[in-house]
Structures are given as structure tokens and as C-alpha cells.
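Trainee:
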Amino acid sequence: MRLRVVSPFAVLAWLFFPAIFTVVGLYVLSGPGTATPQLAYAILGGGLLGYWDIAYLDGGMSIQNERWSGTLEQIFAVPTPLWVIILGKVCGSLLWGLLSFLPTIAIAYLGFHALLPHVDAARFTISFAILSLSFLAVAVMLTPLFTLWRWALPMLNGFEMGFYILCGFMFPVTLLPTWAQGAGALLAPTWAIRAIYASTTNQGPHDFGIWWGATVGLTVIYVIGALFLYRLIERRARISGGLALA
Amino acid sequence: MVAIFARSTYLQYVALFQWATIRGYVGYKVLLPVTQILFFVQLGVFGSGRSKALYFALGNALQVTAQAGIYGVIATVANERQHGTLPMLLASPANRLVTFLSRAAVNVIDGIVTVVVGLSITVVVFGLDLRHANLLLLAFCVVLISMTTAGLGLLFGALGLITRDAITIANVVYYLLLILCGINFPITRLPGVVQAISYGLPLTRGVEAAREVAAGASLRQISGLLAGELLVGIAYALCGYGVFRLLEAYSRRGGLQEAF
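Sequences listed follow chains A and B, in order.
Taking numbering that gives the first Met the number 0, I'd label the letters of the first sequence as residues 0 to 245.
Taking numbering that gives the first Met the number 0, I'd label the letters of the second sequence as residues 0 to 259.
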């Protein structure tokens with residue numbers, strides 16, 4: 000957390016990017032006669048994007064920074080398990096990511112006089128907590144990839160907006176082609192985000208139990224996958240000896 | 000002079016253009032622009048309906064030229080610093096104008112390739128109709144916008160001489176263009192002062208011209224917009240060169256070239 004306070008990229012991620020996406024979202028989704036639920040996608044969408052970006056990339060970036068600073072090999076050599084170190088980094092990222100909702104709500108209110116529609120507080124809170132859990136699992140699973148493969152950063156960074164599409168951060172996934180909806184259904188955040196938006200409107204399906212269950216189920220699968228991945232990476236890193244390569 | 004320019008352009012590509020590996024290139028130059036276009040087109044379809052898909056596709060496809068023009072150009076100066084070669088570059092007797100422009104040349108070509116790939120995929124995915132468009136004229140708009148955004152990149156790239164956070168600046172400039180240049184909504188919806196800023200930026204007139212071309216406009220109908228776009232680009236490139244020379248002297252005095 001302390002490192003992030005002085006990092007310009009961390010500030011961009013929680014303040015600047017969410018603000019930009021919120022402004023674009025509000026202009027695009029707030030034309031004359033726009034339905035209130037669409038506004039929720041603009042206001043919450045920008046914050047969710049920022050939250051996801053930080054969870055998804057910041058942990059990986061911190062590993063890349065360890066590599067560039069020449070400390071990555073030491074991290075592997077210390078007695079503390081790698082997953083504990085990464086979990087700490089990711090938890091810090093998630094806490095930092097929560098700030099993303101401040102600029103989006105402020106811009107929506109002060110710049111566009113737009114407020115969040117009525118929110119079912121209990122369902123929203125549960126959905127958000129489950130979403131955070133899924134972000135944590137995704138980040139913990141993806142971050143070790145950065146330790147092993149230097150190309151993981153450009154590939155995952157490059158597909159950042161692909162996740163925005165597949166998870167339905169700023170529009171419903173039901174608008175996507177069937178094959179894309181299928182791909183999105185494999186991502187835990189997709190279901191939690193659906194639940195979050197459903198908690199801001201009385202319209203449409205409200206299958207919260209199914210959505211929460213799908214998110215938690217996929218999250219558990221990610222965690223199991225991560226266990227195997229960590230073992231593989233600890234072994235491969237020692238064999239390849241490429242940790243110090245910048 | 001031409002030989003120096005060509006050699007400098009080539010070396011700048013192989014040495015500093017960090018997307019030179021296939022995976023890096025695919026990540027940053029294929030996945031990122033294509034998904035950006037698809038995301039905003041889908042957002043636009045959600046907000047305004049499928050009939051407006053072409054509006055969003057063209058705007059965002061042309062905006063991704065700025066990815067090469069701004070990130071690429073700014074990153075080359077920033078990378079010289081990171082690799083520790085900036086003091087040597089500034090100590091060399093090489094012609095600054097040639098050195099500086101050669102840094103933009105690859106990015107202009109790269110920006111054009113990015114738009115062609117991104118727009119082609121979007122046209123297929125959303126079934127966009129470009130039958131009324133003069134494709135040659137549209138291609139000219141793409142080339143022009145790639146050059147004008149590189150002009151803006153040159154201006155901000157010069158800041159890399161005195162700051163370690165040039166890439167942060169690149170991010171800010173690139174994403175602000177999404178709001179200021181009429182990429183996803185008409186700039187007439189922006190407050191008056193902001194509209195004035197919009198017309199002082201590259202992309203704004205170029206995107207407007209490209210949209211008119213897609214709707215069937217002729218060269219004569221959009222010549223004013225293209226001339227304005229060109230003038231804005233030249234102004235930024237000249238300004239960038241001036242700022243580069245100014246900051247070069249400033250960074251030498253303060254020993255800022257080696258700050259890392």
C-alpha cells in the first residue's frame with residue numbers, strides 16, 4: 000500500500016482511468032430518454048473497471064517491478080511461501096482498488112448530476128463482497144504467471160479490455176454474441192457483476208442465488224488451479240533460472 | 000541526410016520499439032487496440048443502438064492510431080533514459096531534427112497497420128457497411144491522423160528529457176483524447192471551453208472527416224477538415240521540436256538526463 004501511494008501508475012489506475020471511463024460512459028449512456036439502469040452501468044462501471052484493473056494487473060506489475068529491481072530471485076529464496084507474498088500484494092491492491100469508486104461517483108454527481116438509482120443494499124453488498132473474492136482469486140492465480148513468463152504482462156495487459164467486454168463491466172453480457180457469452184460465463188466476475196447491476200433495478204431476472212453460486216464455484220476452481228500453478232512455477236523457475244532476466 | 004534518417008528509423012525500431020517480439024506485439028498492438036474498439040462499439044450499441052455502430056467503430060479505430068503516435072513516440076525518449084543511453088544521444092553531434100523525426104516515423108507506419116487490423120475486425124464482427132465510403136480517401140485520413148497524433152507525441156515525448164514519468168504522461172494524453180476528440184460522442188456535447196481545446200488537438204477534425212468520408216463525402220467536401228488536421232499536426236511537431244531543444248539544454252544543466 001505504501002509503495003502504491005508514491006506510484007504514478009497506481010494513481011492513474013484508481014483515479015484517472017475510472018474517471019475517463021465514467022465520463023465516456025455517462026456521455027454515451029445518458030442521452031435523451033435514457034433508462035435509469037443504463038446510468039448505473041456508467042456510474043458503477045467506471046469504478047468496477049478501476050477496481051478490476053488494479054486487482055488484475057497491479058499484483059503482476061509489482062512482480063515485474065521486483066524483477067526489474069533485481070529482487071525477484073530473493074522472493075523465491077526466502078522461507079515464506081510465494082503464495083503468501085503474492086496474497087499480501089494482491090490484498091493491498093484490492094484495498095487500493097476500492098478507491099476507484101470515489102472519482103466515478105463524484106464525477107457522476109458533480110459533473111452530470113447523475114445519482115445511483117435505488118440500490119437493494121443487502122444484495123448489492125453481498126454481490127460486491129463476492130465480486131471482491133473473485134477478483135482476489137483471479138489475481139492470485141494470474142500473478143505468478145508474471146514471475147515465469149515475461150510476455151505475460153503484454154498479453155494480459157493487451158487483453159484488459161477483452162475482460163471488460165466478456166465480464167459485462169459497462170454493458171450487459173446478454174448483448175454479446177452467444178460464443179462470447181459462453182467465454183464470459185467461465186469468468187467468475189461476470190456473474191457477480193450481473194448480480195451487482197441486478198441489485199440496482201427492479202427489472203429483468205433476479206437470480207441472485209444462481210449468480211452468487213456460479214461466482215463462488217468458479218472462484219473455488221480458480222483457487223484449486225492456483226495451487227497447481229504455484230507448485231509448477233516454483234519448480235519451473237528453478238529449472239529455467241530465468242527469474243533475473245529483465 | 001536521408002541515409003541518416005533511414006538508419007536512425009531502423010535502429011530506433013530494433014533497439015527501442017519494445018513490441019518487437021511477436022508476443023509483445025500481439026499483446027499491445029493487436030489485442031489491445033482490437034479489444035478497445037470492440038469494447039467501445041459495444042458500449043455505443045448499448046447506449047444508442049446497432050445503427051450507430053459505424054460511428055463508434057470509426058472513432059475508436061482512428062483513436063488507436065494515437066496509441067502508436069503517442070505511446071510509441073513518448074516511450075522512445077523514455078526508453079533512452081531507462082536504458083541509460085539518453086546522455087549519449089544528447090552528447091552526439093547527430094542532427095536533432097532527423098533524430099527526433101525518425102523516432103516518429105516507425106510509429107506512423109505502425110499506427111496505420113493498427114487501424115487497418117482493428118477496423119477490419121470490427122467491420123466483420125459488427126457487419127458494418129462501408130459501401131458508400133471512398134476507401135482511398137478513408138485510407139488518406141488514416142495516414143494523416145497517424146502523422147498528426149505522432150506530432151502530439153513528439154511534443155509530450157520531449158518531456159521525457161526532464162521527467163521519469165513520461166509513460167504516465169502518455170497514458171493521460173492518450174485517454175484524454177477519448178473524451179476531447181469526438182471519438183464516442185459529438186464534441187458539441189462538451190462544455191464550450193472544452194470544445195475550444197478539442198479543436199486545438201489532432202484527431203478531432205480527422206475523425207470528423209473520416210466519418211463524412213464513410214458517409215460518402217468527396218475530397219472537396221472534407222478538404223477544409225483535412226487541412227485543419229494537417230496544420231494542427233505540423234504545429235504540434237514544430238512545437239515539439241522547439242520544446243525538445245529547450246528541454247535538452249535544461250536537462251543538461253540540471254543533470255536530469257541520468258535521473259532514473
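We put the beta carbon where it would ideally sit given N, CA and C, even for glycine.
Please report how far the alpha carbon of B:GLY26 lies from the alpha carbon of B:ILE69, in whole angstroms.
Mentor: 17 Å
Trainee: Tell me which residues of the stretch 0-24 of chain A have at least one Cβ-Cβ distance to chain B shorter than 8 Å, keeping chain order.
Mentor: Going along the stretch 0-24 of chain A in chain order, one finds PRO7, PHE8, LEU11, PHE15, PHE16, ILE19, VAL22, VAL23, GLY24 with a Cβ nearer than 8 Å to chain B.
Trainee: Is there a Cβ from chain A that is less than 8 Å from the Cβ of B:TYR174?
Mentor: yes
Trainee: So is B:ASN59 in contact with chain A if we call contact Cβ pairs under 8 Å?
Mentor: no
Trainee: Is it true that the CB of B:ALA67 sits closer than 8 Å to the CB of B:THR113?
Mentor: The Cβ atoms of B:THR113 and B:ALA67 sit closer than 8 Å to each other.
Trainee: When the Cα atoms are used, what is the spatial distance from A:LEU109 to B:LEU85?
Mentor: Rounded to whole angstroms, the separation of the alpha carbons of B:LEU85 and A:LEU109 is 44 Å.
Trainee: Could you give the distance in angstroms between the alpha-carbon of A:LEU253 and the alpha-carbon of A:LEU94?
Mentor: Any answer about residue 253 of chain A is impossible in this case: the structure gives chain A only from 0 up to 245.
Trainee: Please compile the residues from chain B whose C-beta is within a distance smaller than 8 Å of the C-beta of A:TRP150.
Mentor: THR20, ARG22, GLY23, GLY26
Trainee: Using the Cα positions of A:GLY241 and B:GLY117, report the straight-line distance between them to the nearest angstrom.
Mentor: 34 Å
Trainee: In or out: B:THR64 buried (at least 16 other Cβ within 10 Å) or exposed?
Mentor: Around the C-beta of B:THR64, 16 or more other C-beta atoms lie within 10 Å, and the residue is accordingly described as buried.
Trainee: With a threshold of 8 Å between beta-carbons, can A:ILE164 be considered close to chain B, or not?
Mentor: yes
Trainee: Check the Cβ of A:VAL27 against every Cβ in chain B and list those closer than 9 Å, keeping chain order.
Mentor: Correct list: PHE39, LEU42, GLY43, PHE45, GLY46, SER47, PHE55, ASN183, PHE184.
Trainee: In chain order, which alpha helix (DSSP H) runs of at least 4 residues are fully inside the stretch 181-257 of chain B?
Mentor: 191-198, 203-213, 218-253
Trainee: Is there contact between the stretch 113-125 of chain A and the stretch 168-178 of chain A, where contact requires at least three CB pairs shorter than 8 Å?
Mentor: no
Trainee: Spell out whether any CB of chain B is found under 8 Å from the CB atom of A:PRO153.
Mentor: yes
Trainee: If you measure from the beta carbon of A:GLN202 to each beta carbon in chain D, is any gap under 8 Å?
Mentor: Here the protein chains are A and B, and chain D is not one of them.
Trainee: Hey, is the stretch 159-175 of chain B in contact with the stretch 38-48 of chain B, meaning 3+ C-beta pairs nearer than 8 Å?
Mentor: The stretch 159-175 of chain B, when compared against the stretch 38-48 of chain B, does not touch it at the 8 Å Cβ threshold.
Trainee: With a Cβ-Cβ cutoff of 8 Å, do B:LEU153 and B:TYR240 count as a contact?
Mentor: yes
Trainee: Decide if A:GLU72 is buried, meaning its Cβ has at least 16 other Cβ atoms within 10 Å, or exposed.
Mentor: exposed
Trainee: Using a cut-off of 8 Å between C-beta atoms, extract the partners of B:GLN35 located in chain A.
Mentor: Per Cβ cutoff of 8 Å: MET160.
Trainee: Round the Cβ separation of B:GLN81 and B:LEU202 to the nearest angstrom and send it over; I've been treating them as touching at under 8 Å.
Mentor: About 28 Å; that fails the 8 Å criterion.
Trainee: Taking the alpha-carbon of B:LEU136 as reference, which of B:LEU175, B:GLY254, B:ALA208, B:PHE243 has the nearest alpha-carbon?
Mentor: B:ALA208
Trainee: So which of A:VAL89, A:ILE238, A:ALA187 has the shortest CA-CA distance to A:THR214?
Mentor: A:ALA187
Trainee: Report the three-state DSSP secondary structure of B:ALA93 (helix, strand or coil).
Mentor: coil
Trainee: Can we say the stretch 41-54 of chain A touches the stretch 47-58 of chain B, given the rule of at least three CB pairs closer than 8 Å?
Mentor: no
Trainee: Could you tell me which chain A residues have their CB closer than 8 Å to the CB of B:VAL171, listed as they occur along the chain?
Mentor: LEU11, PHE15
Trainee: Looking at the secondary structure, which residues open and close the alpha helix (DSSP H) in which A:TYR26 lies?
Mentor: 16-28
Trainee: Excluding five sequence neighbours on each side, which residues of the same chain lie with their C-beta closer than 7 Å to the C-beta of B:ILE120?
Mentor: The beta carbon of B:ILE120 sits closer than 7 Å to the beta carbons of VAL33 from its chain, once the five residues preceding and following it are set aside; these are given in chain order.
Trainee: If we define contact as Cβ-Cβ less than 8 Å, is B:LEU31 a contact residue for chain A?
Mentor: yes
Trainee: Does chain B have any CB closer than 8 Å to the CB of A:ASN156?
Mentor: yes
Trainee: Please report the distance separating the alpha-carbon of A:GLY183 from that of B:PRO190.
Mentor: 37 Å
Trainee: Please list the segments of the alpha helix (DSSP H) lying wholly inside the stretch 44-130 of chain A, counting only runs of 4 or more residues, in order along the chain.
Mentor: Segments of the alpha helix (DSSP H) lying fully in the stretch 44-130 of chain A: 58-68, 71-76, 81-96, 100-111.
Trainee: In angstroms, rounded to a whole number, what distance separates the CA positions of A:MET60 and B:HIS131?
Mentor: 45 Å
Trainee: I need the DSSP call for B:ASP109, collapsed to helix, strand or coil.
Mentor: B:ASP109 falls in the helix class under three-state DSSP.
Trainee: Of the choices A:TRP51, A:ARG237, A:MET160, whose alpha-carbon is the least far from that of A:SER131?
Mentor: A:TRP51
Trainee: In three-state DSSP terms, what is B:ILE161?
Mentor: coil
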